[in-house]
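K.L.:
From first to last, the protein sequence lines stand for chains H and G.
Counting from 4, one number per residue, gives the positions in the first sequence under this note's numbering.
Counting from 315, one number per residue, gives the positions in the second sequence under this note's numbering.
Here a beta-carbon is modelled for each residue, glycine too, at the ideal position from N, C-alpha and C.
A quick note: this is a predicted structure, and the numbers were derived from the prediction, not measured.
Just dropping this structure here.
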Amino acid sequence: GAVVSQHPSWVICKSGTSVKIECRSLDFQATTMFWYRQFPKQSLMLMATSNEGSKATYEQGVEKDKFLINHASLTLSTLTVTSAHPEDSSFYICSARGAGGYNEQFFGPGTRLTVL
Amino acid sequence: KQEVTQIPAALSVPEGENLVLNCSFTDSAIYNLQWFRQDPGKGLTSLLLIQSSQREQTSGRLNASLDKSSGRSTLYIAASQPGDSATYLCAVRAGGGNKLTFGTGTQLKVEL
Chain H
4 GAVVSQHPSW
14 VICKSGTSVK
24 IECRSLDFQA
34 TTMFWYRQFP
44 KQSLMLMATS
54 NEGSKATYEQ
64 GVEKDKFLIN
74 HASLTLSTLT
84 VTSAHPEDSS
94 FYICSARGAG
104 GYNEQFFGPG
114 TRLTVL
Chain G
315 KQEVTQIPAA
325 LSVPEGENLV
335 LNCSFTDSAI
345 YNLQWFRQDP
355 GKGLTSLLLI
365 QSSQREQTSG
375 RLNASLDKSS
385 GRSTLYIAAS
395 QPGDSATYLC
405 AVRAGGGNKL
415 TFGTGTQLKV
425 EL
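See the structure below:
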């Protein structure tokens, strides 16, 4: 299957700082990218959906000014957690899907964010 | 609103046993269904994708079936191995929609 990478794989930061997470599709063009967060022993919760070159669509309850998403190219999307607080500590997973009939969704390895 | 449920929530079997994981969804108007595997602290690995017009898909020791009208899918794992231990998630994509709705997951442990 197609490969999606995330960087960094883990990050620890102080409260109040901003953290940027990158998501790349390595061998296909991702017209749509998704960002999820996952709490321990829970399933994935969709945060936002982004199409290349367009503004992201956020799910209800997700603060768009806190979780900034940029999908500037067909292979790269970024999630910036602004002014992070301990309650933002979570496992963040990105996912990518190509256009047309190539509609399987592939997931990155995740980024563990810990805010002290 | 689509709801996806997986039964059982946890399962422990001896090595070599064949097993079935169940997934049910409330809205049958789906575009496709995917089964994923997630190892602790890791992302998701796509196992099988079944389009709404298909009844089953097979990959190695894995076989997934789909009964859209009854809102059910099963993942069959043959001759289970300790390396199969992981959490298995099913997810459905709504017809005409863009998002996946995930199930609650089944945590599988295959013991020696």
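Tell me, which residues are paired with Pro328/G by DSSP?
P.N.:
According to DSSP, Pro328/G bridges with Glu425/G.
K.L.:
Closer than 7 Å, CB to CB, is Phe416/G near chain H or not?
P.N.:
Cβ-Cβ to chain H under 7 Å: yes for Phe416/G.
K.L.:
Using the beta-carbon of each residue, which ones in chain H are nearer than 7 Å to Leu363/G?
P.N.:
Here the neighbours are Glu107.
K.L.:
Between the region 31–47 of chain H and chain G, which residues of the former have CB atoms less than 8 Å from a CB of the latter, in chain order?
P.N.:
So the close ones are Thr35, Phe37, Ser46, Leu47.
K.L.:
Expressed to the nearest angstrom, what Euclidean distance is found between the alpha-carbon atoms of Gln45/H and His10/H?
P.N.:
Straight-line Cα distance between these residues: approximately 22 Å.
K.L.:
Closer than 8 Å by beta-carbon distance: list the chain G residues that pair up with Thr52/H, in chain order.
P.N.:
Going along chain G in sequence order, the residues near Thr52/H (Cβ under 8 Å) are Asn412, Lys413.
K.L.:
Could you tell me the alpha carbon to alpha carbon distance between Ala343/G and Lys17/H, rounded to whole angstroms?
P.N.:
Roughly 45 Å separates the two Cα atoms.
K.L.:
Which residues of chain G have a Cβ atom closer than 8 Å to the Cβ of Phe110/H, listed in chain order?
P.N.:
Those are Phe350, Gly357, Leu358, Thr359, Ser360, listed as they occur along chain G.
K.L.:
Relative to the C-alpha of Glu3/H, which candidate in Ser12/H, Gly19/H, Ser53/H has its C-alpha closest?
P.N.:
Residue 3/H lies beyond the residue range present for chain H, which begins at 4 and ends at 119; the question has no answer from this structure.
K.L.:
Taking the alpha-carbon positions, what's the Val14/H to Ala405/G distance?
P.N.:
Answer to the nearest angstrom: the Cα atoms are 28 Å apart.
K.L.:
DSSP three-state label for Glu90/H, please.
P.N.:
If DSSP states are grouped into helix, strand and coil, Glu90/H belongs with the helices.
K.L.:
Which whole-angstrom value describes the C-beta separation of Glu331/G and Pro396/G, a residue pair presumed to lie in contact below a C-beta threshold of 8 Å?
P.N.:
Actually they are not in contact, since the Cβ atoms of Glu331/G and Pro396/G sit about 12 Å apart, beyond 8 Å.
K.L.:
Measure how close the beta-carbons of Phe110/H and Val6/H come, nearest whole angstrom, since I'm counting them as under 8 Å.
P.N.:
Their Cβ separation, rounded to whole angstroms, is 10 Å, which puts Phe110/H and Val6/H out of contact at 8 Å.
K.L.:
Any beta carbon from chain G within less than 7 Å of Gly113/H's own beta carbon?
P.N.:
Yes, its Cβ sits closer than 7 Å to a Cβ of chain G.
K.L.:
So does the region 95–102 of chain H actually touch the region 387–401 of chain G, counting three or more Cβ pairs closer than 8 Å?
P.N.:
The answer is no - the region 387–401 of chain G does not touch the region 95–102 of chain H, with fewer than three Cβ pairs under 8 Å.
K.L.:
Could you tell me whether the Cβ of Gly419/G comes closer than 7 Å to any Cβ of chain H?
P.N.:
Yes, because at least one Cβ of chain H sits closer than 7 Å to the Cβ of Gly419/G.
K.L.:
Under the rule that 16 or more other beta-carbon atoms within 10 Å means buried, what is Ser373/G, buried or exposed?
P.N.:
Exposed, since its Cβ has fewer than 16 Cβ neighbours within 10 Å.
K.L.:
Looking at Arg351/G and Ala400/G, is the spacing between their C-beta atoms short of 7 Å?
P.N.:
Result yes, Cβ atoms of Ala400/G and Arg351/G sit closer than 7 Å.
K.L.:
If you drop the 5 nearest sequence neighbours on each side, which residues of the same chain put their C-beta closer than 7 Å to that of Asn346/G?
P.N.:
Excluding positions up to five away in sequence, the list reads Leu363, Ile364, Gln365, Ser366, Arg407.
K.L.:
For Gly357/G, count neighbouring Cβ atoms within 10 angstroms of its own Cβ and tell me buried if that reaches 16, exposed if not.
P.N.:
Under this definition Gly357/G is a buried residue.
K.L.:
Using a cut-off of 8 Å between C-beta atoms, extract the partners of Ile96/H located in chain G.
P.N.:
Near Ile96/H (Cβ distances below 8 Å), the residues of chain G are Gly357, Leu358.
K.L.:
To the nearest angstrom, report how far apart Gly411/G and Thr52/H are at their CA atoms.
P.N.:
One C-alpha to the other measures close to 12 Å.
K.L.:
Leu333/G versus chain H: which residues are under 9 Å apart at the beta carbon?
P.N.:
The contacting residues do not exist; Leu333/G stays about 20 Å from chain H at best.
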